[in-house]
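J.: Positions 588 to 969 (the numbering used here) are the ones given, in order, by the sequence shown.
Below you'll find the structure I mean.
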Amino acid sequence: MAGERKVAVLKERAKGETRVSATPETVKKITALGAAVAVESGAGDHASISDEAFRSAGATIGSAEEVTAGAQIVLGVQGPDPALLGNVAPGAWVVAGLDPFGKGEGVGRSRVDAYAAAGLEALAMEFMPRITRAQSMDILSSQSNLAGYKAVLMAANTYGKAFPMMMTAAGTVSAAKCFVMGVGVAGLQAIATARRLGAQVSATDVRSATKEQIMSLGAKPIFVENVAGIEGEGSGGYATEMSEEYQKAQAELVSSHIAKQDIVITTALIPGRPAPRLITDAQIATMKPGSVIFDLAAPQGGNVEGTVADELVVKHGVKIIGLSNTPAHLPTDASALFARNLFNFLSAFWDKEAGEPILDEEIGNAIRLTKGGKVVNERLLG
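Okay, structure coming up:
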């Protein structure tokens with residue numbers, strides 16, 4: 588494909604999606620690489636980015652059909668509908684969070700198969716390997732950071748009391764007790780945010796290496812001591828499933844601790860699998876009425892028994908919150924970080940002589956789902 592590469596940015600069409608995959612900042616940077624950027628009109632509306640702001644940054648504005656015409660690269664937050672991509676260049680890249688394990692009509696594996704049938708090269712940014720040189724491209728980390736922050740704010744807003752200790756002439760208000768379960772990127776940000784709001788914070792994780800991280804943020808680590816957990820990190824920086832012995836010991840520890848908590852934030856996810864169950868109905872029943880649980884794993888079935896995505900559930904007087912897309916509730920910052928992840932990816936592999944990005948084997952094999960009309964990713968072929 589000779590000539591200037593064309594990069595298309597589409598308006599997100601998934602329900603509740605407020606983010607956009609490019610910003611004026613990244614449009615300028617992409618055009619500086621030697622590409623032309625075309626943005627669908629209204630793509631940035633929910634993120635407070637006007638068409639004029641994109642145009643001033645060097646993008647052309649048009650309809651979905653106009654911006655995808657002949658495009659060699661299509662950027663998205665979530666995977667675009669293959670029906671919108673009928674006029675892109677042969678073998679065009681689709682670079683987005685593609686959720687290949689998602690459930691539902693028109694998403695997940697069926698959408699991946701449609702990309703393959705259309706001859707597109709689908710690149711799942713959430714499959715980015717957690718290696719040092721790919722950190723700046725990691726959409727899961729950037730979005731999880733914001734999700735951990737927002738989870739605490741929403742829990743605080745739902746909680747009927749103050750977070751910090753307050754001493755007044757009328758008496759003292761005790762600080763809220765906040766327990767964070769899962770100390771990855773989201774959990775660490777949740778700990779930091781709850782601490783900034785003045786709560787007494789404790790946290791737990793199956794990875795023993797997180798103890799120091801918890802303490803470094805001024806929180807109290809709560810760990811199973813008599814059964815071995817994971818030393819260091821799990822695969823790719825994620826936790827992995829634990830033995831039945833560890834799960835039983837952890838459940839007993841959580842049961843004794845959770846009854847004293849006002850706020851609980853759960854963050855545990857295993858890529859490609861349903862979220863592990865961390866809190867049962869029986870454990871919820873031991874909590875104080877008015878307590879709040881925010882389940883960040885709601886999109887994958889939830890860590891908490893009874894979680895319903897995008898609904899406030901009340902069980903035993905405890906309020907349970909879980910959103911299907913937490914980062915979308917911070918659209919401006921979430922878009923800015925997501926767009927930088929995508930630009931960092933493109934720029935890292937941009938070949939100036941060829942005038943296009945050329946993936947290396949390590950990252951290409953990790954994130955490429957389809958190529959040459961076939962599904963090629965090992966995680967989808969097993």
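Beta carbons are placed, not taken as given, at the ideal position from N, Cα and C, and that holds for glycine.
(1) Mind checking which residues open and close the alpha helix (DSSP H) that includes K737?
(2) Ends of the alpha helix (DSSP H) at I809?
(3) Using only the alpha-carbon positions, how far apart do T759 and H844 sit?
(4) Spell out whether any CB of chain C is found under 8 Å from the CB atom of A869.
(5) Would the beta-carbon of F930 fall within 8 Å of that of Q848?
(6) Near P876, what residues of its chain come up, given a Cβ to Cβ distance below 6 Å and the 5 sequence neighbours on each side ignored?
(7) If you draw a straight line from the C-alpha of A923 to the C-alpha of E832, how long is it?
(8) Within the segment 601 to 655, note down every full beta strand (DSSP E) run reaching 3 residues or more, in order along the chain.
(9) Run through DSSP, which three-state label would L710 get?
(10) Drop a sphere of 10 angstroms on the beta-carbon of R966, count the other beta-carbons inside from all chains shown, and report buried for 16 or more, exposed for fewer.
(11) DSSP has P944 in a bridge; who is on the other side?
(12) So what does DSSP say about D882, is it helix, strand or coil?
(13) Evaluate V607 with the Cβ neighbour count: other Cβ atoms within 10 Å of its Cβ, from every protein chain shown; 16 or more gives buried, anything less gives exposed.
(14) Assuming V614 and F641 make a contact with CB atoms under 8 Å, what is their CB distance in whole Å?
(15) Can you tell me whether P667 is buried or exposed? The criterion is at least 16 other CB atoms within 10 Å of its CB, across all chains shown.
(16) When you compare each of A773, A786, A896 to Q970 by their alpha carbons, which one comes out closest?
(17) Distance check for S761 and A711, CA to CA, integer angstroms please.
(18) Out of A921, A885, K798, M741, point me to the one whose CA is closest to S878's CA.
(19) Measuring only the C-alpha atoms, how far is A891 from W937?
(20) How is S789 classed by DSSP in three states: helix, strand or coil?
(21) Report yes or no: do the segment 947 to 966 and the segment 698 to 708 share at least 3 C-beta pairs separated by less than 8 Å?
(22) Leaving out five residues on either side along the sequence, give the residues of the same chain with a beta carbon under 8 Å from the beta carbon of K616.
(23) Quick check: the segment 784 to 794 against the segment 806 to 813, are at least 3 beta-carbon pairs closer than 8 Å?
(24) What three-state label does DSSP hand T867 in the structure shown?
(25) Roughly how many whole angstroms lie between the Cα atoms of K972 and G621?
(26) Put T759 into one of helix, strand or coil per three-state DSSP.
(27) Grouping DSSP H, G and I as helix and E and B as strand, with all else coil, what is V850?
(28) Helix, strand or coil, according to DSSP, for F750 in the structure here?
(29) Would you please state the rounded distance, in angstroms, between the beta carbons of G603 and N912? I believe it to be under 8 Å.
(30) Give, in chain order, every unbroken run of the alpha helix (DSSP H) that is at least 4 residues long and sits entirely within the segment 650 to 692.
(31) Does DSSP put V767 in a helix, in a strand, or in coil?
(32) Relative to the C-alpha of D586, which residue among T610, R600, R592 is closest?
(33) Among A781, L804, L946, whose alpha-carbon lies nearest the alpha-carbon of A763?
(34) Report, in whole angstroms, the separation of the C-beta atoms of V962 and V699, which I expect to be a contact under 8 Å.
(35) Output needed for F932: all residues of its chain with C-beta closer than 6 Å, excluding positions within five of it in sequence on either side, in chain order.
(36) How close, in whole Å, do the beta carbons of V654 and A683 come, if the pair is a contact with beta carbons under 8 Å?
T.: Let me spell this out:
(1) Numbered from its first residue, the sequence shown carries residue 737 at position 150. 726 to 745 is the extent of the alpha helix (DSSP H) around K737.
(2) Along the sequence shown, read from residue 1 onward, the residue named residue 809 stands at position 222. Unbroken run through I809: none, as it is neither H nor E.
(3) If you number the sequence shown from 1, residue 759 lands on position 172. If you number the sequence shown from 1, residue 844 lands on position 257. If I take the Cα positions, the gap works out to 24 Å.
(4) In the structure shown, chain C does not exist; there is a single protein chain.
(5) As a working mapping, residue 930 is identified with position 343 in the sequence shown. As a working mapping, residue 848 is identified with position 261 in the sequence shown. Cβ distance not < 8 Å, so F930 and Q848 don't count as in contact.
(6) In the sequence shown, residue 876 corresponds to position 289, counting from 1. Excluding sequence neighbours, P876 sits near G904.
(7) As a working mapping, residue 923 is identified with position 336 in the sequence shown. As a working mapping, residue 832 is identified with position 245 in the sequence shown. Each residue's alpha carbon lies about 43 Å from the other.
(8) 623 to 627, 647 to 649
(9) As a first step, residue 710 is located in the sequence shown; it is residue number 123 there, counting from the start. Strand at L710.
(10) Counted from its first residue, the sequence shown places residue 966 at position 379. Classification for R966: exposed.
(11) Residue numbering aside, residue 944 sits at position 357 when the sequence shown is read from its first letter. Beta-bridge pairing links P944 to W937.
(12) Reading the sequence shown from its first residue, position 295 is the one you call residue 882. Reduced to three states, the DSSP call for D882 is strand.
(13) Along the sequence shown, read from residue 1 onward, the residue named residue 607 stands at position 20. Label assigned to V607: buried.
(14) Translated into positions along the sequence shown, residue 614 becomes position 27. Translated into positions along the sequence shown, residue 641 becomes position 54. V614 to F641, Cβ: 6 Å. Contact.
(15) The sequence position of residue 667 within the sequence shown is 80, counting from 1. Counting Cβ neighbours within 10 Å, P667 comes out buried, since at least 16 surround it.
(16) Summary: the structure shown does not reach residue 970, with the chain confined to residues 588 through 969, and so no result is reported for it.
(17) As a first step, residue 711 is located in the sequence shown; it is residue number 124 there, counting from the start. As a first step, residue 761 is located in the sequence shown; it is residue number 174 there, counting from the start. Using only the alpha carbons, I get a separation of about 46 Å.
(18) The count along the sequence shown starts at 1 and reaches residue 878 at position 291. Measuring from the Cα of S878, the nearest candidate turns out to be M741.
(19) Here residue 891 refers to the residue found at position 304 of the sequence shown. Here residue 937 refers to the residue found at position 350 of the sequence shown. For the record, residue 891 in the displayed sequence is Val; it is not Ala. Using only the alpha carbons, I get a separation of about 43 Å.
(20) Within the sequence shown, the letter at position 202 stands for residue 789. Strand.
(21) yes
(22) Indexing the sequence shown from 1 puts residue 616 at position 29. If we look at K616 and ignore the five residues flanking it on each side, its Cβ neighbours are F930, S934.
(23) Yes, the segment 806 to 813 is in contact with the segment 784 to 794.
(24) For this step, residue 867 is matched to residue 280 along the sequence shown. When DSSP states are grouped into helix, strand and coil, T867 belongs to the coil group.
(25) Any answer about residue 972 is impossible in this case: the structure gives the chain only from 588 up to 969.
(26) Along the sequence shown, one-based indexing puts residue 759 at 172. Reduced to three states, the DSSP call for T759 is strand.
(27) If you number the sequence shown from 1, residue 850 lands on position 263. Residue identity check: residue 850 is Ile in the sequence provided, not Val. It is a strand residue.
(28) Walking along the sequence shown from the start, residue 750 turns up at place 163. Reduced to three states, the DSSP call for F750 is coil.
(29) Start at 1 with the first residue of the sequence shown, and residue 603 comes out as number 16. Start at 1 with the first residue of the sequence shown, and residue 912 comes out as number 325. Their Cβ separation, rounded to whole angstroms, is 5 Å, which keeps G603 and N912 in contact under 8 Å.
(30) Segments of the alpha helix (DSSP H) lying fully in the segment 650 to 692: 651 to 655.
(31) The residue given as residue 767 occupies position 180 in the sequence shown. Looking at V767 - three-state DSSP - the assignment turns out to be strand.
(32) Here the chain covers residues 588 to 969 and nothing more, so residue 586 does not appear.
(33) Within the sequence shown, numbered from 1, the residue matching residue 763 stands at position 176. For the residues A781, L804, L946, the minimum Cα distance to A763 belongs to A781.
(34) Taking the sequence shown and counting its residues from 1, one reaches residue 962 at position 375. Taking the sequence shown and counting its residues from 1, one reaches residue 699 at position 112. Confirmed, about 6 Å.
(35) For the purposes of this step, residue 932 is taken as the residue at position 345 of the sequence shown. Only M724 meet the Cβ criterion.
(36) As a position in the sequence shown, residue 654 is number 67, starting the count at 1. As a position in the sequence shown, residue 683 is number 96, starting the count at 1. Actually they are not in contact, since the Cβ atoms of V654 and A683 sit about 15 Å apart, beyond 8 Å.
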